[in-house]
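>
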Amino acid sequence: MGASIAETDHDDDDFAESHEINVTPFIDVMLVLLIIFMVAAPLSTVDLPIDLPTSTATPQKKPDKPTYVSIKPDLAIAIGENFVKRVDLVRALDAMPDVKKDQFIFIRADRGVPYGELMDVLEILRTGGYTRLKLTALEGVPGSTTPPAATDNSKP
C-alpha cells in the first residue's frame, strides 16, 4: 500500500520530508567521549611518583692516566685491562706505582650489573682507603636507552 504525500497540482513552498539521519550531533558526541577517554586513561594507570634525575653535567677533562675499575656483566672486576679477584682489588691498586689514594678512581659498571654488586665494589674501595671515586657513563643524550657507538667516550 503506497501513499503519496506531495500533491502535483499545488506548488507551495513546503520542504519535502527527509528520512535521513543527521549524523553531525552523533559525531560531536563521539569526539567529546574520545577526548574524555584520552584525558582519563593516563590518570587511571598505577605509577609510582618518582622524579628520576637526568645528567646535564658537562664532560670534565680526563687526567693523563686515569685508573679505571670496570665491572663486567658476569661480575668480573678489572683494573684497566687486567682482571683481578674481588678480594685482591685493593691490594692490586696499592701495588700499582702510578695509583695514589688521593687521586680519582673511575668506576665503569655494565648496565646489567645489579645495584648491590656495584655497591659492594664501592664499599671495598672505600674500606681500602680509596674514597675519591667517580662513576662514568657514555656521552650521549641523557635517558636514551640505546648506547651510542662503542667508542672510548666515557666521561667522569
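Numbers 1 to 156, taken from UniProt numbering, label the letters of the sequence shown in order. Even for Gly, the Cβ is constructed at its ideal location relative to N, Cα and C.
Given a threshold of 16 other Cβ atoms within 10 Å of its Cβ, counted over all protein chains shown, does residue 46 qualify as buried or as exposed?
In the sequence shown, the residue the question calls residue 46 occupies position 46. With a pLDDT of only 43 at residue 46, under the threshold of 50, the placement of this residue in the model should not be trusted; the figure read from the coordinates follows. It counts as exposed.
> What's the C-alpha gap between residue 123 and residue 130?
In the sequence shown, counting from the first residue as 1, residue 123 sits at position 123. In the sequence shown, counting from the first residue as 1, residue 130 sits at position 130. Those two C-alpha atoms are separated by around 9 Å.
> Determine the contact status of residue 106 and residue 61, defining contact as a CB-CB distance below 8 Å.
What you label residue 106 is simply residue 106 of the sequence shown in a count that begins at 1. What you label residue 61 is simply residue 61 of the sequence shown in a count that begins at 1. Taking 8 Å as the Cβ cut-off, residue 106 and residue 61 do not qualify as a contacting pair.
> Can you name, in chain order, every residue of its own chain whose Cβ lies under 7 Å from the Cβ of residue 92, other than the five neighbours on each side?
Against the sequence shown, residue 92 aligns to sequence position 92. 79 and 84, listed in sequence order.
> Please work out which residues of its chain come closer than 7 Å, Cβ to Cβ, to residue 20, disregarding the five sequence neighbours upstream and downstream, and give them in chain order.
Residue 20 sits at position 20 when you count from the first residue of the sequence shown. If we look at residue 20 and ignore the five residues flanking it on each side, it has no Cβ neighbours.
> Can you give me the C-alpha to C-alpha distance between residue 132 and residue 103, rounded to a whole angstrom?
Against the sequence shown, residue 132 aligns to sequence position 132. Against the sequence shown, residue 103 aligns to sequence position 103. Those two C-alpha atoms are separated by around 6 Å.
> Buried or exposed for residue 39, going by 16 or more other Cβ atoms inside 10 Å?
Counted from its first residue, the sequence shown places residue 39 at position 39. With fewer than 16 other Cβ atoms within 10 Å, it is exposed.
> If I measure Cβ to Cβ from residue 16 and keep anything under 6 Å in the same chain, skipping five residues before and after, which residues do I get?
Within the sequence shown, the letter at position 16 stands for residue 16. If we look at residue 16 and ignore the five residues flanking it on each side, it has no Cβ neighbours.
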